[in-house]
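What follows is one structure encoded as structure tokens, with my remarks underneath.
There are 2 protein chains.
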Amino acid sequence: MLDTLIHNATVVTVDEAFTILRNGAVGVRQGIVEKVEVLPADQPLPPARETIDARGDIVMPGLINAHTHLPMALFRGLADDLPLMTWLNDHIFPAEARHIGPVSVALGARLACAEMLLGGITTCCDGYFLTAHFAEAVVQTGLRAVLGQGVIDFPAPGVPDPTQNVAVAKAFVERWQGRAALASPSIFCHSPYTCSAVTLTAAKQAAIDLGALFQIHVAETRAEREQMEKTHGCSPIAYLDRLGLLDANSLLVHAVWVDAADIERIARSGACIAHCPESNMKLASGVAPLPDFLAAGIPVGLGTDGCASNNDLDLWGEMDMAAKLHKVQRLDPTAMKAEQVVRMATRDGAQAVGLGHMIGSLEAGKRADLIVIDTHQPHWTPLYHPASHLVYVARANDVRHVMIDGRWVVRDRSLLTMDVPAVMQEVNGWRVKR
Amino acid sequence: MLDTLIHNATVVTVDEAFTILRNGAVGVRQGIVEKVEVLPADQPLPPARETIDARGDIVMPGLINAHTHLPMALFRGLADDLPLMTWLNDHIFPAEARHIGPVSVALGARLACAEMLLGGITTCCDGYFLTAHFAEAVVQTGLRAVLGQGVIDFPAPGVPDPTQNVAVAKAFVERWQGRAALASPSIFCHSPYTCSAVTLTAAKQAAIDLGALFQIHVAETRAEREQMEKTHGCSPIAYLDRLGLLDANSLLVHAVWVDAADIERIARSGACIAHCPESNMKLASGVAPLPDFLAAGIPVGLGTDGCASNNDLDLWGEMDMAAKLHKVQRLDPTAMKAEQVVRMATRDGAQAVGLGHMIGSLEAGKRADLIVIDTHQPHWTPLYHPASHLVYVARANDVRHVMIDGRWVVRDRSLLTMDVPAVMQEVNGWRVKR
Numbered sequence: 021m022l023d024t025l026i027h028n029a030t031v032v033t034v035d036e037a038f039t040i041l042r043n044g045a046v047g048v049r050q051g052i053v054e055k056v057e058v059l060p061a062d063q064p065l066p067p068a069r070e071t072i073d074a075r076g077d078i079v080m081p082g083l084i085n086a087h088t089h090l091p092m093a094l095f096r097g098l099a100d101d102l103p104l105m106t107w108l109n110d111h112i113f114p115a116e117a118r119h120i121g122p123v124s125v126a127l128g129a130r131l132a133c134a135e136m137l138l139g140g141i142t143t144c145c146d147g148y149f150l151t152a153h154f155a156e157a158v159v160q161t162g163l164r165a166v167l168g169q170g171v172i173d174f175p176a177p178g179v180p181d182p183t184q185n186v187a188v189a190k191a192f193v194e195r196w197q198g199r200a201a202l203a204s205p206s207i208f209c210h211s212p213y214t215c216s217a218v219t220l221t222a223a224k225q226a227a228i229d230l231g232a233l234f235q236i237h238v239a240e241t242r243a244e245r246e247q248m249e250k251t252h253g254c255s256p257i258a259y260l261d262r263l264g265l266l267d268a269n270s271l272l273v274h275a276v277w278v279d280a281a282d283i284e285r286i287a288r289s290g291a292c293i294a295h296c297p298e299s300n301m302k303l304a305s306g307v308a309p310l311p312d313f314l315a316a317g318i319p320v321g322l323g324t325d326g327c328a329s330n331n332d333l334d335l336w337g338e339m340d341m342a343a344k345l346h347k348v349q350r351l352d353p354t355a356m357k358a359e360q361v362v363r364m365a366t367r368d369g370a371q372a373v374g375l376g377h378m379i380g381s382l383e384a385g386k387r388a389d390l391i392v393i394d395t396h397q398p399h400w401t402p403l404y405h406p407a408s409h410l411v412y413v414a415r416a417n418d419v420r421h422v423m424i425d426g427r428w429v430v431r432d433r434s435l436l437t438m439d440v441p442a443v444m445q446e447v448n449g450w451r452v453k454r
Numbered sequence: 021m022l023d024t025l026i027h028n029a030t031v032v033t034v035d036e037a038f039t040i041l042r043n044g045a046v047g048v049r050q051g052i053v054e055k056v057e058v059l060p061a062d063q064p065l066p067p068a069r070e071t072i073d074a075r076g077d078i079v080m081p082g083l084i085n086a087h088t089h090l091p092m093a094l095f096r097g098l099a100d101d102l103p104l105m106t107w108l109n110d111h112i113f114p115a116e117a118r119h120i121g122p123v124s125v126a127l128g129a130r131l132a133c134a135e136m137l138l139g140g141i142t143t144c145c146d147g148y149f150l151t152a153h154f155a156e157a158v159v160q161t162g163l164r165a166v167l168g169q170g171v172i173d174f175p176a177p178g179v180p181d182p183t184q185n186v187a188v189a190k191a192f193v194e195r196w197q198g199r200a201a202l203a204s205p206s207i208f209c210h211s212p213y214t215c216s217a218v219t220l221t222a223a224k225q226a227a228i229d230l231g232a233l234f235q236i237h238v239a240e241t242r243a244e245r246e247q248m249e250k251t252h253g254c255s256p257i258a259y260l261d262r263l264g265l266l267d268a269n270s271l272l273v274h275a276v277w278v279d280a281a282d283i284e285r286i287a288r289s290g291a292c293i294a295h296c297p298e299s300n301m302k303l304a305s306g307v308a309p310l311p312d313f314l315a316a317g318i319p320v321g322l323g324t325d326g327c328a329s330n331n332d333l334d335l336w337g338e339m340d341m342a343a344k345l346h347k348v349q350r351l352d353p354t355a356m357k358a359e360q361v362v363r364m365a366t367r368d369g370a371q372a373v374g375l376g377h378m379i380g381s382l383e384a385g386k387r388a389d390l391i392v393i394d395t396h397q398p399h400w401t402p403l404y405h406p407a408s409h410l411v412y413v414a415r416a417n418d419v420r421h422v423m424i425d426g427r428w429v430v431r432d433r434s435l436l437t438m439d440v441p442a443v444m445q446e447v448n449g450w451r452v453k454r
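These protein sequences, in sequence, are chains C and D.
Each residue of the first sequence is one higher than the last, beginning at 21 in our numbering.
Each residue of the second sequence is one higher than the last, beginning at 21 in our numbering.
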């Protein structure tokens, strides 16, 4: 007996062959996808505790947001359209120093999770500080998350003494490993220019020892690349490679200012990339050579980055942007086909954040993280090719239902795990008190 | 006595000074904005037939979609990610030849209008063929529209004999001038490479004689520019200038492959531009020098282009894209500030399509085309700067109410002027019969 059967659906499985089943069904039992199939029209439906007629809607794996800073949802739109250093030094850093603490990080994380869940994101990969203070809040929302405790060689929220940065991250990972099915603890080094070689290698070693994902911002801006070349005589990626930080358990965030040799280094190492097109565009960082990453076989996920720099947590926007940005940059309309982009937002993203064995596609045996998309709307009509509409017309609000680990988290566009108006009210109150 | 009073709103007026009124109110009478003001808190509300408490939501002018091909909504997502000539010759042109006729254009236009109205677009500027066969359908939806009859030197839908192309366009304008308050007829030349110099000058003369907007696709692709240079020894813009086609009543669509001298020609002439970033990106046409247009004082509106090339009619996406694309292209995060983008989507767009005297801002005396945006959602929280959220977080579905010419067209996200499910069903039936 199934727990849930969703039938009469267009199932975009995102399996290896990108199989799409018209009139397909997905059966879920004990949190796991048990079957994905076309049911014979002349036979009764298989028995299930709950049967949902999807009325022709699309069922697909939940989206993977491969790079976030959840608590920064509190700073959404605080300051925009400014030179990078003005934005950071006069707005973001002071706001963090004044307002980020053990209570506010949990509030910001709840707000961020609400937005993501309502928009069909079922997993995020986060990096921030005071992670121990919001991990529980994230788990309670029902979102699956890789949660990285930040490491930086400056005093940071929760880590006033930078000599303790790796120790704090290790303690966080040890405390959270195996604690909650939905949470995977991780170590997040801020960048190669804000962490010393000693810090970077110690943090990576801790991640290896603990079997945790190692995340790092790298090669985001031209200034970073120039500084690394001046200081270390090589590119940021070459520097990480030299320190032994690149392997299949490393997630490289941004990777904008990379050359052909860097791409070869990444591909050889098995490291993955989180591509954040909207953040890179809005902060004017540059355009990452995404088509070259894919040609080199590097697994690439899509990330929104934090709300201070994007300003939302909408992976549909990132998909649309990723498809269009690289076409125009190369003056090649065949760059970044829609299917490829859907893969990045699901299957490849899951691999990039270290969860490819569990999630990222609708295949028997994987955890049941899935979303149902309302296709009965003017902007979805007509519907010739599902992958095309998922990339070029879908919007966050088109997500009707969201299931994570076999549990409904969103039904009929309502979040079941949180009092959303109360959280918004609390954020607005917090805002006013600034 | 007002017809409608909307109070307790954040009113983004988009007047010349970009005034934003907190706790503002908008009063409408006989289709006209009568007052936009902050009401004294200690006095009763002014009398009105209908009083709406906006609960802190944003009220702003309706969006202007400065370039569409409405009937092409039928070809939404028909073919994507292909080389331009394959896409056109193997998919779009055959589909048009086989499927575009007097009935289907009206169906496609209704679908397009439904999507636009639900997404807060109150005016579009269209160019297509068989315009006489869908103008009435557009008017019936309650949308305000500039409707351009297409002119091209090839057999086209409804104009099998190209020698009649300008005559057909003239007849359309003559028939529709003064016929419906919401419809302004126009003449739309397809491009300088598909219309001869004789056709172009005759069409422009007709537009001048009739006082109608003259629209033309120009300088869209590198291939077009190269062909014009080879054939006419100058850029596409210089060619139009030489023919006397540039004046304040000319709307230049795309204008991607333009140089400094072209920009000076456009600025000098008073001609306006419809910038279509998503279409230019998806078709890999290139990046128009938008910041240079604005620096030169050229009025620029934002357009979605047709659904075959975008693939939706979502001006919020265009706003986000316009803001981010030019930042990354110039590696300058201060390029295209949010306020500037909101202006393009409203005030400047209205001017570009020849309706700046009537619409585009909420100021006393203008026609009452306005939208109410639901800000009580996680992705809008917190809300520091309205213009920033309108560009970087707003989505089509955030539009709660839409008023055009003083009449409610959308209330609580429902379209009042059309049976939307019936139209979608008809489109789907049409689709299946292909």
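The beta-carbon is built from N, C-alpha and C at its ideal position, and this holds for glycine as well.
In this text, all values refer to a predicted model and were calculated from it rather than measured experimentally.
Alpha-carbon to alpha-carbon, residue j and residue i
i                 : j                 : result
Val-34 (chain D)  : Gly-337 (chain D) : 19 Å
Met-136 (chain C) : Thr-366 (chain C) : 14 Å
Pro-406 (chain D) : Gly-76 (chain D)  : 11 Å
Arg-454 (chain D) : Ser-408 (chain C) : Here the model assigns Arg-454 (chain D) a pLDDT of 48, short of 50, so the residue's position is not dependable, and the following value carries that caveat. Each residue's Cα considered, the two are about 19 Å apart.
Arg-451 (chain D) : Ile-257 (chain D) : 39 Å
Val-430 (chain D) : Glu-36 (chain D)  : 27 Å
Val-79 (chain D)  : Gly-385 (chain C) : 49 Å
Pro-205 (chain D) : Glu-284 (chain D) : 29 Å
Gly-139 (chain C) : Ile-84 (chain C)  : 11 Å
Met-423 (chain D) : Gln-445 (chain C) : 29 Å
Val-402 (chain D) : Pro-60 (chain D)  : According to the sequence displayed, residue 402 (chain D) carries Pro and not Val. If you take the alpha carbons of Pro-402 (chain D) and Pro-60 (chain D), they lie about 26 Å apart.
Residue closest to residue i, alpha-carbon to alpha-carbon, out of the options
i                 : options                                       : result
Val-362 (chain D) : D:Val-413, D:Leu-375 and D:Cys-327            : D:Val-413
His-188 (chain D) : D:Ala-203, D:Val-171 and D:Pro-175            : Correcting the residue identity first, residue 188 (chain D) is Val in this sequence and not His. Nearest option by C-alpha distance: D:Val-171.
Ile-52 (chain C)  : C:Val-447, C:Met-438, C:Trp-428 and C:Pro-441 : C:Trp-428
Ala-58 (chain D)  : D:Ile-84, D:Thr-71 and D:Thr-30               : One point to set straight first is that residue 58 (chain D) is Val, not Ala, in the sequence displayed. Of the candidates D:Ile-84, D:Thr-71 and D:Thr-30, the one whose C-alpha sits nearest the C-alpha of Val-58 (chain D) is D:Thr-30.
Val-443 (chain D) : D:Glu-284, D:Ile-112 and D:Leu-127            : D:Leu-127
Val-479 (chain C) : C:Met-438, C:Asp-62 and C:Gly-426             : Past the boundaries of the shown model lies residue 479 (chain C); chain C is included only from 21 to 454, so the question cannot be answered.
Leu-90 (chain C)  : C:Ser-124, C:Ser-216 and C:Met-341            : C:Ser-124
Gly-198 (chain C) : C:His-237, C:Ala-232, C:Ala-134 and C:Glu-298 : C:Ala-232
Ile-72 (chain C)  : C:Met-92, C:Gly-44, C:Ala-86 and C:Leu-83     : C:Gly-44
Thr-354 (chain D) : C:Pro-81, C:Leu-102 and C:Gln-184             : C:Leu-102
DSSP bridge partner residues for residue i (one or two, in chain order)
i                 : result
Asn-28 (chain C)  : None; Asn-28 (chain C) has no bridge partner.
Pro-81 (chain D)  : D:Leu-390
Ser-434 (chain C) : C:Arg-431
Ala-165 (chain C) : C:Cys-144 and C:Ala-203
Tyr-176 (chain C) : Going by the sequence as given, residue 176 (chain C) is Ala instead of Tyr. DSSP output for Ala-176 (chain C) lists C:Val-179 as bridge partner(s).
Val-273 (chain C) : C:His-237 and C:Ala-294
Gly-47 (chain C)  : C:Leu-25 and C:Lys-55
Gly-321 (chain D) : D:Ala-294
Residue i beta carbon near the ligand MG (any heavy atom closer than 7 Å)
i                 : result
Gln-360 (chain D) : With respect to small molecules bound, the structure shown includes none, and the ligand MG cannot be examined in it.
So if I threshold CB-CB distances at 8 Å, which residues from the stretch 314-342 of chain D count as touching chain C?
Asn-330, Asn-331, Asp-332, Leu-333, Asp-334, Gly-337, Asp-340 and Met-341
Anything in the stretch 414-436 of chain D with a Cβ closer than 7 Å to a Cβ of chain C? List those residues in chain order, please.
Arg-415, Ala-416 and Asn-417
Contact between the stretch 95-102 of chain C and the stretch 325-345 of chain C: three or more CB pairs below 8 Å?
yes
For the stretch 286-300 of chain C, list every residue whose C-beta sits within 7 Å of some C-beta in chain D, in sequence order.
Glu-298 and Asn-300
Residues of the stretch 362-389 of chain C whose Cβ lies closer than 9 Å to any Cβ of chain D, in chain order
none
Can at least three beta-carbon pairs, one atom from the stretch 308-323 of chain D and one from the stretch 368-376 of chain D, be found at a separation below 8 Å?
yes
Count the CB pairs spanning the stretch 173-182 of chain C and the stretch 209-216 of chain C that are closer than 8 Å, and state whether there are at least three.
yes
At a cut of 8 Å, does the stretch 348-363 of chain C reach the stretch 146-165 of chain C through at least three beta carbon pairs?
no
Selection of the stretch 61-95 of chain C by Cβ proximity to chain D, strictly under 9 Å:
Ala-93, Leu-94 and Phe-95
Could you run through the stretch 105-119 of chain D and flag, in chain order, every residue whose CB is less than 8 Å away from some CB of chain C?
Trp-107
Contact the stretch 254-269 of chain C vs the stretch 303-315 of chain D: 3+ CB pairs below 8 Å
no
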